[in-house]
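Okay, structure first, notes after.
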Amino acid sequence: MDCLFCKIIAGEIPSAKVYEDEWVYAFRDIAPMAPVHVLVVPKEHICCADGINAENSHNVARIFEAIPKIAAAEGLTNGYRIINNCGEDGCQTVKHLHFHILGGKKLPDQMA
Ligand code: AMP
Ligand code: ZN
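Just so we're aligned, residue 37 is where the sequence shown starts under my numbering, counting upward by one.
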């Protein structure tokens, strides 16, 4: 499958890994929008939030269990933002489900 994040998970494309477990892989965004900008992805290929269902939603639970650990390891003691972009209107550019963790500064308060 021609998926950038599947290739990163497989180690075929290099990444700056910050966390990994059986279900989850996390790495630094190549174009950071904040002092801390980490992408958290399921190892299983899921296209997007629209592709989450009863068979694969355990991956999302694992991701959200990993996020506090990643945030603590990154020193985000004062909070952070989690973003998921889905589809065309959401401006999703990589079609493998991922959650952005942004932090390390006071973020803008507008969402769109
Ligand atoms: P989205 O726009 O929500 O689909 O986010 C995709 C994110 O992937 C963007 O923030 C990109 O900067 C990031 N990105 C693209 N290619 C890479 C890469 N090779 N390594 C790390 N992050 C990447
Ligand atoms: Zn993929």
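We put the CB at the ideal spot given by N, CA and C, even for glycine.
Being a predicted model, the structure only gives us computed values, none of them experimental.
Query, Result
"Between Lys105 and Glu124, what straight-line distance do the alpha-carbon atoms span, to the nearest angstrom?", "31 Å"
"Would you list the residues sitting across from Arg98 in a DSSP beta bridge?", "Its beta-bridge partners do not exist; DSSP assigns none."
"Return the first residue and the last residue of the alpha helix (DSSP H) that Lys43 is part of.", "40-45"
"Mapping the DSSP letters down to three states, classify Gln131 as helix, strand or coil.", "Before going further, note that residue 131 is Lys rather than Gln in the sequence given. Coil at Lys131, not helix or strand."
"Where DSSP assigns a beta bridge to Val60, which residues make up the other side?", "Pro78"
"Measure the CB-CB distance between Ile118 and Val72 and report whether it falls below 8 Å.", "no"
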